[in-house]
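Numbering of the sequence shown is given in our numbering, commencing with residue 1017 and proceeding in unit increments. First comes the structure, then the notes that go with it.
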Amino acid sequence: MDSRVSELFGGCCRPGGGPAMGGNLKARGAGGSSSCGGPKGKKKNGRNRGGKANNPPYLPPEAEDGNIEYKLKLVNPSQYRFEHLVTQMKWRLQEGRGEAVYQIGVEDNGLLVGLAEEEMRASLKTLHRMAEKVGADITVLREREVDYDSDMPRKITEVLVRKVPDNQQFLDLRVAVLGNVDSGKSTLLGVLTQGELDNGRGRARLNLFRHLHEIQSGRTSSISFEILGFNSKGEVVNYSDSRTAEEICESSSKMITFIDLAGHHKYLHTTIFGLTSYCPDCALLLVSANTGIAGTTREHLGLALALKVPFFIVVSKVDLCAKTTVERTVRQLERVLKQPGCHKVPMLVTSEDDAVTAAQQFAQSPNVTPIFTLSSVSGESLDLLKVFLNILPPLTNSKEQEELMQQLTEFQVDEIYTVPEVGTVVGGTLSSGICREGDQLVVGPTDDGRFLELRVCSIQRNRSACRVLRAGQAATLALGDFDRALLRKGMVMVSPEMNPTICSVFEAEIVLLFHATTFRRGFQVTVHVGNVRQTAVVEKIHAKDKLRTGEKAVVRFRFLKHPEYLKVGAKLLFREGVTKGIGHVTDVQAITAGEAQANMGF
């Protein structure tokens, strides 16, 4: 991570900024061309009829991996060819973990040839037969005309193919919601999940709050989860037409789980915990159009960059501002995104065509950052965000998922509940392996360094029963009559065969993002490593006596309260007041339960 990310934490942005990698990706209307991708000197998309292109338009060449498939045409294939196409579709769906995008009228090298209307109709009919064969549904995302070297109108059609994998109930995508206090995070989620616009006074957010003081102040202080579903045809499924979360899950083939995080600075530790422990696929950064980048916005942006969480931006409350104010806020965001510490390529989304392009580019390139401008009161451009979320593919590929599932079971404990007639329940994310009902696991480490045996009685995902949990999925596990007092946040539930090790002392290679003076031995910070959150003291700074803002070093930390389960290579973030730093664990000094008990008095 570039040490210049520290500018987002401790200092003000330079107004000019540096040039973004790849130039500005500001998208145009449905018929315009995008400046992203494709061979140098070529145009990516087709153009509306009315003028001849100097060069044939191109897409990037088709990749062997991934979920995007190019087909010139699919007209009356032979039976052998049809079976081959079906096998190919299964591969693309597997790569996209249940979703694939077909570009009809495009050659493998990315040349946009286009098809006449009759050929396109026959090709879509064949694609529909292929989808039926594998049990999938297809949705036409958009059509574009290409007219180079031809007097006949020729079209390119982009089609979304969606099929829930046989071993899953639905596709799942976790989105963390960041932004300054009063930017409208909970209100936007209320509008998306409840299906009703806000009244301008916060009515839409009332169902999201968990505590009385949140309702009274209108400010989120805890982490809450909200779900938005899409069926196989891309239609929204939310509480407007479903009474319960179970009905939403049953009717949806794709689920977006929003992790609503706190915006106020005094709840920053809660926001950091949500980002590090719940493993979001991406983040939504909300910015109020009338205030711009203010309060914790810059800090939340820095957290997403430091933890390498891909993010897109939503500019809210455009109904309260003049158009010039909204444009000024967007320009301010573009300047910040182009800074040397960010190196992002902003892409303003103004049409449905832009939303489709943004979703694909966002998944393919970590540098692309879509920007939406909308209102939760008037509903302006709200549909563009829904199109984006519907098309947005999983950001991890199937190979990574398979590798994680082959490992031993490891479940992070993030939440602990007591449910009447059920007993103790823990919530969290399965980091690796597979977890089934009835599995025997061990949980720890306890304060004295032990791991205790337990049994998984039942599993629920998004408040719906689930028999099998796979790596990367979040869920709640019922543990029956297991004593809740023995559990705490930051523990792990692992397979007994793993023989887990614990540590009180560990080393990490860090970058000090911001510190007012000098960072020395004996300084105490709150360390976040995954779901672990504990105060640690700096025991030693290797090869140096002290650190200043922007400097790197290997530092030895010691936990002050109890031992933790850490793995080498895990991302680390520490904070204390305005002091912040990032890094990764390079070494852990494993100890036994007896040594942990002896160290408890430290």
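For each residue, glycine too, the CB sits at the ideal point set by N, CA and C.
Q: Return helix, strand or coil for Lys1058, following the three-state DSSP convention.
A: Confidence in Lys1058 is poor, its pLDDT being 38 and thus under 50, which makes the residue's placement unreliable; the coordinate value appears in the next sentence. Note: Lys1058 maps to coil in three-state DSSP.
Q: Taking the CB atoms as reference points, tell me whether Ile1264 and Gly1245 lie closer together than 8 Å.
A: yes
Q) If you drop the 5 nearest sequence neighbours on each side, which residues of the same chain put their C-beta closer than 6 Å to that of Gly1248? A) Checking the displayed sequence, the identity of residue 1248 turns out to be Ser instead of Gly. Cβ within range, chain order: Asp1153, Arg1178, Ser1269.
Q. Which of helix, strand or coil does DSSP assign to Val1484?
A. In the structure shown, Val1484 adopts extended strand secondary structure according to DSSP, grouped into three states.
Q: Compare the C-alpha of Pro1382 against each of Pro1512, Gly1151, Val1361 and name the closest.
A: Val1361
Q. Would DSSP call Ala1079 helix, strand or coil?
A. coil
(Q) Which of the three DSSP states is assigned to Phe1378 in this structure? (A) helix
**Q.** Counted within 10 angstroms of its Cβ, other Cβ atoms place Ser1256 as buried (16 or more) or exposed
**A.** With fewer than 16 Cβ atoms within 10 Å of its Cβ, Ser1256 is classed as exposed.
Q) Helix or strand or just coil, what does DSSP make of Cys1451? A) DSSP, reduced to helix, strand and coil, places Cys1451 within a strand of the structure shown.
Q) Going by beta carbon distance, what residues of the same chain come within less than 8 Å of Leu1424, once the five residues before and after it are set aside? A) Ser1448, Gly1449, Val1510, Ser1511, Glu1513, Met1514
Q: For Ala1586, I'd like the list of residues in its chain whose CB is within less than 8 Å of its CB, leaving aside the five on either flank, ordered along the chain.
A: Val1545, Gly1546, His1600, Val1601
Q | Ile1288 to Glu1315 span [Cα, whole Å] | A | 11 Å
(Q) As a quick exercise: from Glu1419, Cys1482, Ala1569, pick the residue whose alpha carbon is nearest that of Leu1529. (A) For the residues Glu1419, Cys1482, Ala1569, the minimum Cα distance to Leu1529 belongs to Ala1569.
Q: Report yes if the C-beta distance between Met1271 and Asn1092 is below 8 Å; otherwise report no.
A: no
Q) Arg1190 to Leu1127, Cα distance in whole Å? A) Their backbone Cα atoms lie some 35 Å apart in a straight line.
Q: Would you list the residues sitting across from Cys1519 in a DSSP beta bridge?
A: Glu1580, Ala1606
Q: Could you name the residues of the same chain whose beta carbon sits closer than 7 Å to that of Pro1055, not counting the 5 residues immediately before and after it, in chain order?
A: Residue placement at Pro1055 cannot be trusted, given a pLDDT of 38 that sits under 50; what the coordinates show is reported in the next sentence. Tyr1074, listed in sequence order.
Q | Nearest-angstrom Cβ-Cβ length linking Ser1397 and Phe1388, presumed shorter than 8 Å | A | 6 Å
Q. So the beta strand (DSSP E) Cys1298 belongs to, where does it begin and stop?
A. 1298 to 1304
Q. From this set, Tyr1581, Thr1551, Leu1493, Glu1416, which residue's C-alpha is nearest Arg1113's C-alpha?
A. With distances taken between Cα atoms, Arg1113 lies closest to Glu1416.
(Q) Quick check for students: name the residue ranges of the alpha helix (DSSP H) that lie wholly in the region 1390 to 1433, counting only runs of 4 or more. (A) Within the region 1390 to 1433, the complete alpha helix (DSSP H) runs of at least 4 residues are 1398 to 1407, 1414 to 1421.
Q) What are the boundary residues of the alpha helix (DSSP H) that Lys1141 is part of? A) Counting along the chain, the unbroken alpha helix (DSSP H) around Lys1141 starts and ends at 1133 to 1150.
Q.
At the level of alpha carbons, what is the spacing between Glu1431 and Val1459?
A. 14 Å
Q. In three-state terms, what does DSSP make of Asp1188?
A. strand
Q. Which class does Phe1246 belong to by DSSP, given the choice of helix, strand or coil?
A. strand
Q.
I'd like to check one pair, Lys1149 with Glu1161: are the Cβ atoms closer than 8 Å?
A. no
Q. Hey, quick one: how far does the alpha helix (DSSP H) through Met1363 stretch, first residue to last?
A. That residue, Met1363, is in no alpha helix (DSSP H); its beta strand (DSSP E) goes 1361 to 1364.
(Q) Using a Cβ-Cβ cutoff of less than 6 Å, which residues in the same chain neighbour Asp1455 once the five nearest sequence positions on both sides are dropped? (A) Val1472, listed in sequence order.
**Q.** Exposure label - Ser1094; buried when at least 16 CB within 10 Å
**A.** Residue environment: Ser1094 is assigned as exposed (fewer than 16 neighbouring CB atoms within 10 Å of its CB, all protein chains considered).
Q. Does the beta carbon of Asp1497 come closer than 8 Å to any beta carbon on chain C?
A. In the structure shown, chain C cannot be found, because there is only a single protein chain.
Q) Quick one: complete beta strand (DSSP E) runs, 3+ long, within the region 1518 to 1570? A) 1518 to 1530, 1540 to 1545, 1548 to 1557
**Q.** Own chain residues within Cβ distance below 8 Å of Asp1276, not counting five before or after
**A.** Val1193, Lys1201, Ser1202, Leu1205, Leu1224, Thr1236, Ile1239, Ser1240, Phe1241, Glu1242
Q | Cβ-based burial, His1281 [other Cβ within 10 Å; buried from 16] | A | exposed
Q.
Ignoring anything shorter than 3 residues, give me the beta strand (DSSP E) runs that lie fully in the region 1290 to 1348, in order along the chain.
A. 1298 to 1304, 1327 to 1332
Q) Under the DSSP definition of a beta bridge, which residues are partnered with Arg1158? A) Within the DSSP secondary-structure output, Arg1158 pairs in a beta bridge with Glu1174.
Q) Where does the unbroken beta strand (DSSP E) through Phe1590 begin, and where does it stop? A) 1587 to 1592
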